[in-house]
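With the sequence shown counted from 1, adding 41 to any position gets you this note's numbering.
Glycine included, every Cβ here is placed at the ideal spot set by N, Cα and C.
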Amino acid sequence: MSQVGDQAFLVVMMFWIKEATGSASVVGLLMMLSSLPALLVGPFAGALADRHSRRQILLVADLARGLDLILLSAVLFLWHGPKSWLVLLFFVVAVFNSVVNAAFAPAISATIPDLVPKARIAGAASFNQVSSRLVVFVGQAGAGSLYRILGAPVLCALDGITFLVSAFSVTLTKFPVPSLRAPAASAQVLRNYLEATREGLRYVRSRPGMWKYLWTSASLNFFFMPIFVLLPFYVEETLSARIDFYGYLMAAFAIGGLLGSALPGALGLTGRRRGLVTIACLLATSLLFVLLGWLQSVPGAIVVLFGVGVTSGLVNVTVITLFQASTPSELRGRVMSLLIAMSRAVSPLGMAAGGVLGDLSHGGIPKIYILCGLASLLVSLSMTASTSFREFLTWQEH
């Protein structure tokens with residue numbers, strides 16, 4: 042439920058800032074700052090998920106995000122001063138929510154394998170991604186139109202309520218009791234967290250293919266970020282469509298992701314076939330972004346983003362399942378947080394660069410899309426040539 046709020050707030054934030062400033066650079070800066078906590082806090086959040094109650098982490102995270110969005114809604118309703126202060130408030134809320142989400146993400150990811158039998162981890166991961174994509178569809182498909190009809194204050198209030206409902210659902214869920222370490226003396230807390238984080242990093246680096254995948258993911262996200270940051274401008278300036286079509290494009294992406302996320306569980310991808318399908322989807326995603334810049338039409342953009350949703354959804358579920366299944370439970374929170382953090386390692390730079398390039402391009406956004414697609418294609422091709430990368434993707438439990 043909270044993911045509906047995440048997606049709706051993303052739309053509110055992007056379009057409110059776009060309308061208030063008219064600057065792609067400011068939108069890119071906001072996206073950059075809101076993504077930094079996943080990189081800076083993420084690895085420590087993994088240690089937090091391995092050392093403390095994951096149920097409590099999820100509960101506090103949902104409550105915090107729900108309350109701050111309701112507060113933001115109240116300020117938007119009542120404020121009559123300069124908009125510059127509201128722009129600053131959006132930055133503060135976006136960064137705060139990102140910090141909280143950095144703790145939430147590894148906790149929920151590490152919990153899933155403990156809630157289902159080991160043989161059903163792939164199916165559970167697939168179901169989780171399918172449900173995530175479904176709420177992305179619900180959140181983003183309607184957010185564009187609802188933003189135009191209801192306005193930012195009402196949508197922020199509704200977003201906050203979704204987080205509070207999610208917090209309530211956590212209280213009704215029975216979580217397994219993890220094997221937590223005894224509390225350390227206060228002087229040792231920071232040292233213990235740093236050592237726990239290093240322990241997770243050492244495990245990942247001991248597996249060259251897993252390590253290379255993390256860097257591949259980071260590089261691809263750098264080139265993908267400008268495409269999504271500039272999408273509101275692409276809709277209105279290149280496609281000459283109204284704000285609602287941003288929601289429709291993201292809905293197509295979400296529906297494709299829904300299908301792609303369901304495929305690994307349905308097909309039972311393992312071993313060599315898993316590796317071949319994952320590599321094919323990585324290459325296809327890059328080519329589809331090139332096509333998005335070349336077509337420059339609403340129907341074409343809808344089809345392309347649907348395809349990107351399918352390929353990226355399939356890769357995400359496959360790789361998340363692979364990381365979960367191949368990592369010991371006592372290290373899983375840290376490894377999953379590293380996956381989240383490093384996959385977004387250079388995303389903030391990509392977001393900022395996308396905003397600046399958008400302002401400098403003067404209507405040349407399709408060219409930016411084509412260049413980003415070609416660059417990501419080169420990254421995928423170079424990693425495909427790595428033996429350890431391919432061996433990791435074809436891992437089998439013995």
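Item, Value
"Beta-carbon spacing of lysine 59, proline 369 below 8 Å", "no"
"Reference threonine 428; option with closest CA among Pro249, Ser384 and Ser260", "Pro249"
"Euclidean distance between Cα positions of phenylalanine 263 and phenylalanine 269", "11 Å"
"CB of threonine 359 within 8 Å of CB of threonine 326, strictly", "no"
"Per-residue DSSP class, three states only, for threonine 368", "coil"
"Cutoff 7 Å; reference leucine 380; Cβ partners in own chain excluding five residues on either side", "Leu255 and Phe364"
"Contact under 8 Å by Cβ, proline 123 with glycine 374", "no"
"Start-to-end residues for the alpha helix (DSSP H) that takes in threonine 203", "193 to 212"
"Residue from Ser384, Ser402 and Ser207 whose Cα sits closest to the Cα of glycine 107", "Ser207"
"Whether leucine 440 touches leucine 346 by CB criterion (8 Å)", "Residue 440 is absent from the model: the chain starts at 42 and stops at 439."
"Simplified DSSP assignment, three categories, for isoleucine 284", "coil"
"Alanine 61 beta carbon less than 8 Å from that of valine 133", "no"
"Glycine 301 vs serine 353 beta-carbon contact at 8 Å", "yes"
"Neighbourhood of alanine 198 by C-beta, 7 Å cutoff - its chain only, sequence neighbours within 5 removed", "Ile111 and Ser114"
"Beta-carbon proximity list for tyrosine 275, same chain, < 7 Å, skipping 5 on both sides", "Ile406"
"The stretch 413 to 425 touching the stretch 280 to 297, judged by at least three CB pairs closer than 8 Å", "no"
"Through-space distance from glycine 350 to leucine 299, alpha-carbon basis", "8 Å"
"Per-residue burial, glycine 309 [other beta carbons within 10 Å of its own, 16 or more giving buried]", "exposed"
"Whether leucine 280 touches valine 339 by CB criterion (8 Å)", "yes"
"Complete runs of the alpha helix (DSSP H) confined to the stretch 313 to 338 [at least 4 residues]", "none"
"N-terminal and C-terminal residue of the alpha helix (DSSP H) that valine 116 is part of", "95 to 119"
"Which listed residue (Phe131, Ala144, Leu213 and Ile202) has its alpha carbon closest to that of valine 82", "Ala144"
"Span of the alpha helix (DSSP H) around serine 388", "388 to 402"
"Straight-line Cα distance separating isoleucine 284 from glutamate 278", "11 Å"
"Length of the line joining the Cα atoms of proline 194 and phenylalanine 204", "16 Å"
"Arginine 35, enclosing alpha helix (DSSP H) - first and last residue", "No statement about residue 35 is possible, as the shown extent of the chain runs from 42 to 439 and does not include it."
"Same chain, Cβ closer than 7 Å to alanine 259, five either side skipped, listed in chain order", "Met383, Ser384, Ala386 and Val387"
"Cα-Cα separation between glycine 306 and aspartate 400, rounded to whole angstroms", "42 Å"
"CA nearest to the CA of leucine 317, picked from Gly63, Gly414, Thr425 and Arg95", "Thr425"
"Same chain, Cβ closer than 6 Å to phenylalanine 50, five either side skipped, listed in chain order", "Asp200"
"Minimum C-alpha distance to isoleucine 361 - residue among Ile149, Phe131 and Gly341", "Ile149"
"Integer-rounded CB distance, given that glycine 69 should sit under 8 Å from alanine 393", "5 Å"
"Inter-residue Cα distance where the pair is methionine 266 and glutamate 240", "30 Å"
"Beta-carbon spacing of phenylalanine 131, tryptophan 57 below 8 Å", "yes"
"Cβ neighbour criterion (16 or more within 10 Å) applied to phenylalanine 430", "buried"
"Neighbourhood of threonine 257 by C-beta, 6 Å cutoff - its chain only, sequence neighbours within 5 removed", "Met424"
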